[in-house]
Amino acid sequence: MKPSRAVLIFLVACFAMGAAVVRAGDDEEHHERRQKRKAISAPENVTYRAECASCHMLYPPGLLPARSWKAMMGGLKDHFGENASLDPGTAANITQFLVENGADQTTSRRSQKISKSIAADDAPLRITETNYFKRQHHEVSNKVWQRKSVGSPTNCAACHSRAEAGVFSEDEVRVPR
Amino acid sequence: MRMISIILIATLSLAFTARAETPGEILEAYRQEAKAPTKGFGSFSAERGRELYAREQSSPRGPMGCVTCHTSDPRRPGTTRANKAIEPLAPGANAKRFTDRAKVEKWFTRNCDDVLRRPCSALEKGDFLTYLLSIK
């Protein structure tokens, strides 16, 4: 092969590789932007994390409507069978945060879908009881929920590694063995 | 004037200093609380504390005791019923334990209600902490 042709082929290859790298970078950035738009509202709150993530993952406020959070915070003495009571000041603080960022209070698309899937006169405490959750997980068998690595449907983070950040994108789901 | 400023700053500093307590200090506070209501109170008992730790009572959600979440060995990490990891409870295995009185009280309030369906007495809290401090 003539040297100039080899150089030409080499240059084309470099260009193609470079373009591929740039495109891959673009794809990742594009993916991230899409995730941000679709993500459930999950603003950071230090008190909420300190008080409400000792026993379970930190559920993003955008997973339930404001009226559900109000009911939840009003019944902490019997929080799904356990006493999770807080001093009134801290409780009020967290309630305000949750209510302000509830599914029906934000523009996040997924939060809106969750909110619309719940009857207006219903204030479910269990995220797993909302119609949206049931629809999204109808393919998941009981055997999967019972795996030691998962535990139960309440353990979002087992399969949705970025659940606490409000990201539940289907292409990021990894079901552990 | 300068003296007043110094005194003022010193007092304010003291007021705002949140010094972490030690398990020993928290235990001493329970000792003072336990003296009055407990007839013939001698000392806390690690054995009574161990029995309290191991006690399981039936509840709507099945057997419930400290061991349910903290396991039979307080030096080991545990798991909540919502599958969240819990760091070891024994101060010998986790230096952060029992260094914040408010946090200790918060969890006694919750967990004694969960397990015993009533508040724990100062005697029980002292026994419990004595037991945890006795495990190396």
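Protein chains in written order, with my numbering: chain H, 1 to 177; chain B, 1001 to 1136. Here a beta-carbon is modelled for each residue, glycine too, at the ideal position from N, C-alpha and C. Being a predicted model, the structure only gives us computed values, none of them experimental.
Legend entry - Proximal residues of chain B, C-beta to C-beta of residue 56 of chain H below 8 Å: Result: 1080, 1082, 1083 and 1084.
Inset, instruction - Report yes or no: do three or more beta-carbon pairs, one from the segment 55-73 of chain H and one from the segment 17-30 of chain H, lie closer than 8 Å? - result: Between the segment 55-73 of chain H and the segment 17-30 of chain H, the count of C-beta pairs closer than 8 Å stays below three; the two stretches do not touch.
Inset, instruction - Could you confirm whether any beta carbon from chain H is found closer than 8 Å to the beta carbon of residue 1076 of chain B? - result: Between residue 1076 of chain B and chain H, the shortest Cβ-Cβ separation is not below 8 Å.
Legend entry - Spatial distance of residue 49 of chain H from residue 162 of chain H (CA atoms): If I take the Cα positions, the gap works out to 15 Å.
Inset, instruction - Keeping to the same chain, check which residues put their C-beta closer than 6 Å to that of residue 1065 of chain B; ignore five residues upstream and five downstream. - result: So the list reads 1055, 1056 and 1115, once near-sequence residues are dropped.
Legend entry - residue 1069 of chain B versus residue 15 of chain H: straight-line alpha-carbon distance, rounded: Looking at the two C-alpha atoms, the distance is approximately 58 Å.
Inset, instruction - Kindly indicate which three-state DSSP category residue 17 of chain H falls into: helix, strand or coil? - result: DSSP places residue 17 of chain H in helix when its eight states are reduced to three.
Legend entry - Classification of residue 1125 of chain B by the beta-carbon crowding that lies within 10 angstroms, buried from 16 upward: The residue in question, residue 1125 of chain B, is buried, as its Cβ has 16 or more Cβ neighbours within 10 Å.
Inset, instruction - Answer with yes or no whether the minimum CB distance from residue 84 of chain H to chain B is below 8 Å. - result: At least one chain B Cβ lies under 8 Å of residue 84 of chain H.
Legend entry - Near-chain B residues of the segment 89-120 of chain H (beta-carbon distance less than 9 Å), N- to C-terminal order: Interface annotation for the segment 89-120 of chain H against chain B: empty, criterion Cβ-Cβ distance under 9 Å.
Legend entry - Which listed residue (H:111, H:119 and H:92) has its alpha carbon closest to that of residue 73 of chain H: Closest option to residue 73 of chain H, Cα to Cα, is H:92.
Legend entry - Per-residue contacts from residue 155 of chain H into chain B (C-beta, under 9 Å): Counting only Cβ-Cβ distances below 9 Å, residue 155 of chain H has contacts in chain B at 1082, 1083 and 1084, in chain order.
Inset, instruction - Find the residues of chain B that neighbour residue 68 of chain H, judging by a C-beta separation of less than 9 Å, and give them in chain order. - result: In chain order: nothing, as chain B lies at least about 18 Å away.
Inset, instruction - Could you tell me whether any Cβ in chain B is nearer than 8 Å to the Cβ of residue 74 of chain H? - result: So no, residue 74 of chain H is outside the interface.
Inset, instruction - Using the Cα positions of residue 106 of chain H and residue 1059 of chain B, report the straight-line distance between them to the nearest angstrom. - result: Spanning the two alpha carbons is a distance of roughly 39 Å.
Legend entry - residue 1 of chain H - DSSP class collapsed to helix/strand/coil: In the structure shown, residue 1 of chain H falls within a coil segment according to DSSP collapsed to helix, strand and coil.
Legend entry - residue 74 of chain H in three-state terms, based on DSSP: Three-state DSSP puts residue 74 of chain H in coil, outside helix and strand.
Inset, instruction - Indicate the three-state DSSP secondary structure (helix, strand or coil) for residue 111 of chain H in the structure shown. - result: Residue 111 of chain H: helix per DSSP, three-state reduction.
Inset, instruction - Give a yes or no on whether the C-beta atoms belonging to residue 85 of chain H and residue 60 of chain H are separated by under 8 Å. - result: Cβ distance not < 8 Å, so residue 85 of chain H and residue 60 of chain H don't count as in contact.
Legend entry - Minimum Cβ-Cβ distance from residue 1063 of chain B to chain H less than 8 Å: So, not an interface residue.
Legend entry - Neighbour list for residue 152 of chain H in chain B, Cβ cutoff strictly below 8 Å: The answer, in chain order, is 1082 and 1083.
Inset, instruction - Please check if any C-beta of chain H sits within less than 8 Å of the C-beta of residue 1099 of chain B. - result: Taking Cβ atoms only, chain H never reaches closer than 8 Å to residue 1099 of chain B, which makes this a no.
Inset, instruction - Determine the closest residue to residue 1019 of chain B out of B:1063, B:1100, B:1049 and B:1093, with distance taken between C-alpha atoms. - result: Minimum Cα distance to residue 1019 of chain B is reached at B:1100.
Inset, instruction - Express the C-alpha separation of residue 1112 of chain B and residue 1043 of chain B in angstroms, rounding to a whole number. - result: For residue 1043 of chain B and residue 1112 of chain B, the gap between their C-alpha atoms comes out near 21 Å.
Inset, instruction - Enumerate in chain order the residues of its own chain whose CB-to-CB distance from residue 132 of chain H is below 6 Å, with the five nearest sequence positions on each side excluded. - result: Same-chain partners within the cutoff: 113, 114 and 117.
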